[in-house]
Amino acid sequence: MSRNILMQVVFSIVVLWVATHFTRQAKAQATNGIISGTVIDASGAAVPGVTIQVKNVNTGVTRTVLTNEQGRYRVPDLLVGAYEVQGALPGFQTVVQRGIPLTVGSERVVDFSLQVGQPETTVTVEGEIAQVDTTSTAIASLIEQKQIADLPLNGRNYTQLIALAPGVQQAAPGTSGFYGRGANFSVAGARPEGQAFLLDNTNVQDFWNHGPGSAVLGTTLGVEAIAEFSTQTNTYGAQFGGAGAAINAVTRSGTNQFHGSVFEYFRNSVLDARGPFDGPKLPTFRQNQFGASLGGPIRKDKTFFFANYEGLRRGLGLTRVTFVPDANAHNGILPGLNPIPLSPLIQQLLTYYPIPNNSVGGGLGRYSVVATQVGNEDYVLGRVDHMISATDSVFARYIRDRADFTDPFSGSNLPLWPETHRTGNHYATIEERHIVSSAVVNLARFSFVRTREGSNLNDNLPGLSFYPNVPDCAEQVLGGRRRVLDARPAQSPNRRLRRTRSVERQCSRVVWWKLVVFQFGELLTRKSVRISWALARTGRCLSRLPRNRRRRLCTGRVASAAEADLEPWLAVQLCFESRHRQASAQCHYGFRQRNGLCPSAQCL
């Protein structure tokens, strides 16, 4: 750790200590909730010293605090779920209030009015507390687990419910599997990128600042593992972050009862309508989405677990219509011209153009083809909650989400160059909560986020290089652009080959975008004070070359009657470190070349 980062940590700790001793205002943690209130007697006077017990109905975990001189109490950093609150004081009847739902990032006010009597006499108040947060000015929309389970979701993608929040508009998703086909959301007219997407207090956005999940399949699995989430759209606290909006989700935890599910969702093309370009046989569509979840106690009232698996298998048939050379053109017979002999190189190239279904004249014909897009995804989540003691608890959660998607067309109307996109996401969080006293709570958290998105275009078709003994520089520089060279006879032994722009395609490439985030954080809450610090190291890397090819690749010089006019390509690694509110180290890979063939979007 560098000296500057160490100084930032020391300074943050000093500020943390000073703030917790001299300030009196703070908000709730991002995903946990707060229960607070006031205790009065029959005359309306405040009652100090009342023992307040807050119990999680599902897990049996209990927190105990005392009311202060003004009869007020506050219990911060509670997990979401159903609670009951009990107030007891010698000389007064004991009052128990049940049916208190605590949602993500919320604060519930539960007031008590104690009557004079024996403590053994218990007054139970049934009924749900109104879910109106009167302590916050934030504009938010809450989606609970029942809504997630009951509302229809195409592809079981729970992020579709974000659009139910006021001011949220779903933007058109990307068409590129590499950049991501996931849904984008614009909040109050802002750009559809940059919103914070928190999962258990960890930002899980991908490399492109989109939401979580597989970018290549355009879905977000794990709906069984989401307890609830809220969409903060305006005037929310700084602890959420994000550019204009924050989606705040929390995963499910185990309880004292075993609960689970097994599911299978199946879709096919039996009832689908035929498209305008489909042939007599409808393209095949088949999608299987299956999985299971299980949660329960490992040790009652102490240790709980929850696990979830979901798999997706999809095959989608697509129809493409294009125009290709007809049978006469394959034989060198063109309308209005004498038959011409074809070069063997051109004959080899024409073998990749299929014979059209019908001719339209001019040496062309209409060709219709059906190919299948194949997508697979596997999502696994595991979470463990443990009560170490009455004052210490810890939870750990890990998610692994891997997907691949193969496009047989890859921007073309002929299935010659299939392209495979892959993603691999890892999200891990460990959080320890220590109750220092009835008024002081300390949280320490470590988070790890690693997202990886890759693309592999396979266009190694024999015969397209025309000169098989010559190294192809553009192919070796993965991600570069290669053009099929013109095969017209050279006028002189030193003539340079021209490039034919009518036949152009991306060369073979393997490209990976990586985002790795390590985050250490601590939160200390004292009475109504909340202050925290976080140290994150973020790495963003573009990897486009094999490790053994980071230097000069080849000269591309043709040792025959022509030259390819290709200069050496050079890989350049650019690394820099930036510090803003948090220390971060970023790593980028870029490329430089000497002949200007690389598109501007791919060169630095």
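Numbered according to the working numbering, the sequence shown spans residues 12 to 615.
Beta carbons are placed, not taken as given, at the ideal position from N, Cα and C, and that holds for glycine.
Keep in mind that this is a model prediction, so the values were computed, not measured.
DSSP beta-bridge partners for residue i?
i: V380; result: R331
i: P308; result: F315
i: I63; result: V76 and G98
i: E321; result: G302 and Y390
i: E155; result: E239
i: D396; result: F315 and F406
i: S197; result: Q180
i: N369; result: R377
i: A57; result: I51
i: R83; result: T49
i: T213; result: L210
i: R119; result: I46
i: R297; result: N279 and G326
i: V385; result: G326 and T417
Classify residue i as helix, strand or coil using the three-state DSSP reduction.
i: Y94; result: strand
i: H221; result: coil
i: A338; result: helix
i: Y276; result: strand
i: R568; result: At R568, the pLDDT of 30 sits below 50, so the modelled position is not reliable; the number obtained from the coordinates is stated separately. R568: coil per DSSP, three-state reduction.
i: D88; result: strand
i: V127; result: strand
i: Q171; result: helix
i: P355; result: helix
i: A207; result: strand
i: A160; result: helix
i: V234; result: helix
i: L361; result: helix
i: A254; result: coil
i: N11; result: Lying outside 12 to 615, the shown extent of the chain, residue 11 is not represented and no answer is given.
i: V150; result: It is worth fixing the name first, because residue 150 is Ile in this sequence and not Val. Strand, per DSSP.
i: F529; result: strand
i: G286; result: coil
i: F269; result: coil
i: T133; result: strand
i: K38; result: The predicted model places K38 with a pLDDT of 38, which falls under 50 and marks its position as unreliable; any figure quoted below should be read in that light. Of the three classes helix, strand and coil, the one that applies to K38 here is coil, per DSSP.
i: N165; result: coil
i: R109; result: strand
i: T244; result: strand
Does the beta-carbon of residue i have 16 or more other beta-carbons within 10 angstroms, so that it is buried, or is it exposed?
i: S272; result: exposed
i: A174; result: exposed
i: V127; result: exposed
i: T133; result: exposed
i: I237; result: buried
i: F288; result: exposed
i: F269; result: exposed
i: R202; result: exposed
i: G422; result: exposed
i: E321; result: buried
i: A53; result: exposed
i: L348; result: exposed
i: P355; result: exposed
i: P223; result: buried
i: D161; result: exposed
i: S617; result: This structure leaves residue 617 out entirely; the chain is present only between 12 and 615.
i: Y363; result: exposed
i: N168; result: buried
i: L228; result: buried
i: A284; result: exposed
i: V447; result: exposed
i: I258; result: buried
Continuous beta strand (DSSP E) assignments of at least 3 residues falling wholly in the segment 398–463:
DSSP runs (the beta strand (DSSP E)) wholly in the segment 398–463: 403–418 and 430–446.
Assess, as a yes-or-no matter, whether the segment 303–313 is touched by the segment 69–81 under the definition of 3 or more beta carbon pairs within less than 8 Å.
Flag = yes, the segment 69–81 and the segment 303–313 touch.
Are at least three pairs of beta-carbons, each pair with one atom in the segment 84–96 and one in the segment 41–48, less than 8 Å apart?
yes
Segment contact flag, the segment 268–284 with the segment 206–225, C-beta cutoff 8 Å, min 3 pairs
no
Say whether the segment 358–375 touches the segment 328–341, bearing in mind that this needs 3 or more beta-carbon pairs closer than 8 Å, one atom from each stretch.
As far as the Cβ criterion goes, the segment 358–375 touches the segment 328–341, which means the pair count is three or higher.
Are the segment 437–451 and the segment 408–423 touching by the rule of at least three beta carbon pairs closer than 8 Å?
yes
I'd like to know if the segment 319–333 and the segment 378–393 are in contact, where contact means that at least 3 CB-CB pairs between them fall below 8 Å.
yes
Could you check whether the segment 287–304 touches the segment 244–262, counting it as contact only if at least three pairs of C-beta atoms, one from each stretch, sit closer than 8 Å?
no
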